[in-house]
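Data first, discussion second: the structure below is written as structure tokens.
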Amino acid sequence: MKSRVRSTILFIICVLVIGFLGYSGVYGVNAGGYRLKSFGEVINRGLDLQGGVSVLEEIQGDNVDQETINKTIELISMRVNKMGVSETVVTREGQKRIRIEIPGKFDAKEIEEGIAKTGELKFVGPDKSTILTGKDVKKASAYINPEDAQPTISLELNDQGAKKFADATQKFMGQTISITMDDQELTSPTVQAHITNGKATISGSKSLEEATRQANIINSGALPVTVKPVETKTIGASLGANALPLSILAAKVGIAIVMLFMILYYRIPGILASIALVLYIYIVLLAFASVNVTLTLSGIAGFLLTVGMAVDASILIFERMKEELKSGKSVRAAIDAGFHRAMSSVLDSNITTIIAGVVLYGLGSGAVKGFALTLIIGVALSMVTAITVTRLLIKLAAGMGWFKHKWSIGTFGVHDFRRGAK
Numbered sequence: 001m002k003s004r005v006r007s008t009i010l011f012i013i014c015v016l017v018i019g020f021l022g023y024s025g026v027y028g029v030n031a032g033g034y035r036l037k038s039f040g041e042v043i044n045r046g047l048d049l050q051g052g053v054s055v056l057e058e059i060q061g062d063n064v065d066q067e068t069i070n071k072t073i074e075l076i077s078m079r080v081n082k083m084g085v086s087e088t089v090v091t092r093e094g095q096k097r098i099r100i101e102i103p104g105k106f107d108a109k110e111i112e113e114g115i116a117k118t119g120e121l122k123f124v125g126p127d128k129s130t131i132l133t134g135k136d137v138k139k140a141s142a143y144i145n146p147e148d149a150q151p152t153i154s155l156e157l158n159d160q161g162a163k164k165f166a167d168a169t170q171k172f173m174g175q176t177i178s179i180t181m182d183d184q185e186l187t188s189p190t191v192q193a194h195i196t197n198g199k200a201t202i203s204g205s206k207s208l209e210e211a212t213r214q215a216n217i218i219n220s221g222a223l224p225v226t227v228k229p230v231e232t233k234t235i236g237a238s239l240g241a242n243a244l245p246l247s248i249l250a251a252k253v254g255i256a257i258v259m260l261f262m263i264l265y266y267r268i269p270g271i272l273a274s275i276a277l278v279l280y281i282y283i284v285l286l287a288f289a290s291v292n293v294t295l296t297l298s299g300i301a302g303f304l305l306t307v308g309m310a311v312d313a314s315i316l317i318f319e320r321m322k323e324e325l326k327s328g329k330s331v332r333a334a335i336d337a338g339f340h341r342a343m344s345s346v347l348d349s350n351i352t353t354i355i356a357g358v359v360l361y362g363l364g365s366g367a368v369k370g371f372a373l374t375l376i377i378g379v380a381l382s383m384v385t386a387i388t389v390t391r392l393l394i395k396l397a398a399g400m401g402w403f404k405h406k407w408s409i410g411t412f413g414v415h416d417f418r419r420g421a422k
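The C-terminal position of the sequence shown is numbered 422 in full-length UniProt numbering, with every residue numbered one higher than the one before it.
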């Protein structure tokens, strides 16, 4: 009796927590002046769901190395972010091409002109005078300073720049010199020494990644590259606005059909698997929001496929449980054996899907990458919910006495149904 009461209390708590998470994920929750936002408010949406401009730029020139491409991507990212648009995506495609996706903007010509112009790097003194330009910079690189273990930028100037910088550091000793790109400030280091050899270090970066990004932008001013648009697509706001509600409707219908099938065919385990599926959907969408996934139509397709994969794991387990029941085992023994013996099949199917997703993400581009990323995240998390959450709910249900008859596990043939009902 104590075991049944404990199982009942734990089951009710689990259902209430999952129900709360599901509700907050769909509608959001306001409590004590704070708001827990819904996933619709926090997950980034791609161009095909809200409209915008997609530009494919190609770097001109035959000898373009990886470092040059990285510098160009940093510079372009900085420019499109200056437009005041969030959720911009700048990614590499192929060997020399860069894809820029800017949601909410529809003037393709303005965007092309803003991206293609050569960067204007300046070192500006406290009196607003220009000390150096990108032409005076020979090289900038980032490293961890072994003396204080802090991220540092090393700066090397050419002969003309070294002379200008020597005069400036002597004049502005103890004052700040700002480094700007296209009039946007990158950093403002304080002059601490009279530098005459054209070699300086800049400290104050929060991380090596930030220091590397700033060094790349400084190098971009010194090593400008020409980019040319080879493809421009504009998706209207009305088309994007129609795509989102239709996608959400398709997701709701698909998930509802899956749950209905599970409940009708597997009965009590199907109900429990559907409850676990709600938690799975919440966890996946939480992961999307946490890693700033930009959700597109192809990404939604990948997400719905992972829902099917999550249910597939439950089906493998439930069918194995039915086989154990047919062999004459008790319900509790069948549950344990079903999870244990179906585990190899669950792992095999999910791991092979993850491998396929990794290959798609590595070799694909654009929409293919979005599909692959949502597929990888969803399938990896589906194993967690199928192995832990569904098993926990079924064990609690067994502790409450919900599986007194074998037919409660699921549908059998006529002969098996009669034998299970004895």
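Every residue, glycine too, gets a C-beta built ideally from N, C-alpha and C.
{"Item": "Element boundaries [alpha helix (DSSP H), containing residue 184]", "Value": "No alpha helix (DSSP H) contains residue 184, which is instead part of the beta strand (DSSP E) from 184 to 187."}
{"Item": "Segment contact flag, the stretch 322 to 329 with the stretch 383 to 400, C-beta cutoff 8 Å, min 3 pairs", "Value": "no"}
{"Item": "Element boundaries [beta strand (DSSP E), containing residue 141]", "Value": "137 to 144"}
{"Item": "Per-residue DSSP class, three states only, for residue 120", "Value": "coil"}
{"Item": "Exposure label - residue 353; buried when at least 16 CB within 10 Å", "Value": "buried"}
{"Item": "Close beta carbons around residue 404, own chain, < 6 Å, minus the five adjacent residues each side", "Value": "none"}
{"Item": "Where residue 164 falls: helix, strand or coil (DSSP)", "Value": "helix"}
{"Item": "Segment contact, 8 Å Cβ cut-off, at least three pairs: the stretch 170 to 184 with the stretch 250 to 266", "Value": "no"}
{"Item": "Contact under 8 Å by Cβ, residue 72 with residue 98", "Value": "yes"}
{"Item": "Local Cβ density within 10 Å of residue 45, reported as buried at 16 or more and exposed below that", "Value": "buried"}
{"Item": "For residue 83, the three-state DSSP class (helix, strand or coil)", "Value": "In this prediction, residue 83 has a pLDDT of 47, which is less than 50 and means its spatial position is unreliable; what the coordinates show is noted afterwards. If DSSP states are grouped into helix, strand and coil, residue 83 belongs with coil."}
{"Item": "Element boundaries [alpha helix (DSSP H), containing residue 343]", "Value": "331 to 363"}
{"Item": "Presumed contact (8 Å Cβ cut-off) between residue 349 and residue 280, rounded CB distance", "Value": "At roughly 16 Å, the Cβ-Cβ gap does not stay under 8 Å, so residue 349 and residue 280 are not in contact."}
{"Item": "Beta-carbon proximity of residue 232 to residue 149, cut-off 8 Å", "Value": "no"}
{"Item": "Segment contact, 8 Å Cβ cut-off, at least three pairs: the stretch 58 to 72 with the stretch 189 to 200", "Value": "no"}
{"Item": "Contact belief for residue 310 with residue 277 at Cβ below 8 Å, rounded distance in angstroms", "Value": "6 Å"}
{"Item": "Classification of residue 269 by the beta-carbon crowding that lies within 10 angstroms, buried from 16 upward", "Value": "buried"}
{"Item": "Distance between residue 136 and residue 303 (C-alpha atoms, nearest Å)", "Value": "50 Å"}
{"Item": "Pairwise C-alpha distance: residue 213 and residue 170", "Value": "28 Å"}
{"Item": "Supposed contact pair residue 139 and residue 156 - C-beta distance, whole angstroms, cut 8 Å", "Value": "5 Å"}
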